[in-house]
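K.L.:
Numbering follows the working numbering, with no gaps: position 8 of the sequence shown is 8.
Note that the Cβ used here is the ideal one computed from N, Cα and C, for glycine as well.
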Amino acid sequence: MMKEILKRPANLVREPLRYCPGCSHGTISRLVAEVIGELGIGEKCVGIVGVGCSGRSWRYIRCDWVMVPGHGRTLACATAVKRCHPDNIVWTYQGDGDLASIGMAESIHAINRGDKVTVIFVNNTYFGATGGQLAPTTLIGESTSTCLEGRDSETMGNPIDVCKLLATLDSEGYIERAALDTPAHIMQAKKAIRKAFEVQMNGEGYGFVELLSACPSNLHLKPAEAMKWVGDVLAKKYPLGVYKTPGKEVQA
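1. Considering LYS244, what are the terminal residues of the beta strand (DSSP E) in which it resides?
2. For a minimum of 3 consecutive residues, which ranges assigned as the beta strand (DSSP E) are wholly contained in the segment 162 to 220?
3. Shorter than 9 Å from the beta carbon of SER54 to some beta carbon of chain D?
4. Should THR118 be labelled buried (16 or more other beta-carbon atoms within 10 Å of its own) or exposed?
5. Strictly by DSSP, which residues pair up with MET67?
6. Could you compute how far the alpha carbon of TRP65 sits from the alpha carbon of VAL46?
7. Which of the three DSSP states, helix, strand or coil, is assigned to LEU134?
8. Is SER213 closer than 9 Å to ASN124 when the C-beta atoms are compared?
9. Expressed to the nearest angstrom, what Euclidean distance is found between the alpha-carbon atoms of SER24 and ILE120?
10. Tell me, to the nearest whole angstrom, how far the beta carbon of CYS147 is from that of MET156; I am working on the premise that it is less than 8 Å.
11. For MET226, which residues of its own chain have a beta-carbon under 8 Å away from its beta-carbon, when the five flanking residues on both sides are left out?
12. Please confirm whether any heavy atom of the ligand FAD lies closer than 8 Å to the CB of GLU198.
13. When the Cβ atoms of the segment 125 to 144 are set against those of the segment 77 to 87, are three or more pairs found closer than 8 Å?
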């Protein structure tokens, strides 16, 4: 009999994926499910999602869920759930349109308050599910369905580095940016996700993890090419690393 060395995480639901081929959301769902199971917090977890690609994650991760009506309200809802149920582990799963565009005010104020929640923030530089529109994270010169000739800083502003922005706030918490383009980076992403949950569990503040992700459909690239773009292009604009740790100074 062959020895079993790898099996489906207990908190990962057996459900056909509804993400595009090559999309990193499937990888993220597995990583979060693994962390929740390893920490033994499945019965205490409440996930909060909005609409868009990230809004499909409730199908794949076994925990309680709340879906908010539309983009942008996710962290506001997480604040309410955590304050009403402080013993629960509350976390959000958000794209750059939800967290950094329509929900920027909610995001900044929740982090500024130091709300003890965990945030999984997916940066693929697009409003993915709604048509590939310009997002706050879209790179200069990058083409989207609402700027076919590429993002122009003069008329559309510069890309927003969310980790750097949030790290300037005085509240206590943990901020890290990881990527999903290589096995080594995926392993580091899992460590960051685990740390973000542990910070909440220990009552040290919020945990915030930004994940640089590939969207082959909107990039108009093959999956392998899209992954290479994450490492060669996206990670150069948004450097990987820890930007804040509870009790320590912001990274320069």
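P.N.:
Let's see:
1. That run of the beta strand (DSSP E) goes 241 to 244.
2. List check, beta strand (DSSP E) in window: 173 to 179 and 206 to 212.
3. Protein chains in the displayed structure number just one, and chain D is not present.
4. The residue is buried, with at least 16 neighbouring Cβ atoms inside 10 Å.
5. Its beta-bridge partners are VAL49.
6. The C-alpha of TRP65 lies about 5 Å from the C-alpha of VAL46.
7. Strand at LEU134.
8. Their beta carbons are under 9 Å apart, which means ASN124 touches SER213 by this criterion.
9. Approximately 13 Å, taken between the alpha carbons.
10. Approximately 6 Å separates the beta-carbon atoms of CYS147 and MET156; this is inside 8 Å, confirming the contact.
11. It should be noted that the sequence gives Ala, not Met, for residue 226. So the qualifying residues of the chain are GLY22, ALA214, CYS215, PRO216 and LEU219.
12. Absence of the ligand FAD is noted for the structure shown, with no ligands found whatsoever.
13. The count of Cβ pairs closer than 8 Å, one atom from the segment 125 to 144 and one from the segment 77 to 87, stays below three, leaving the stretches out of contact.
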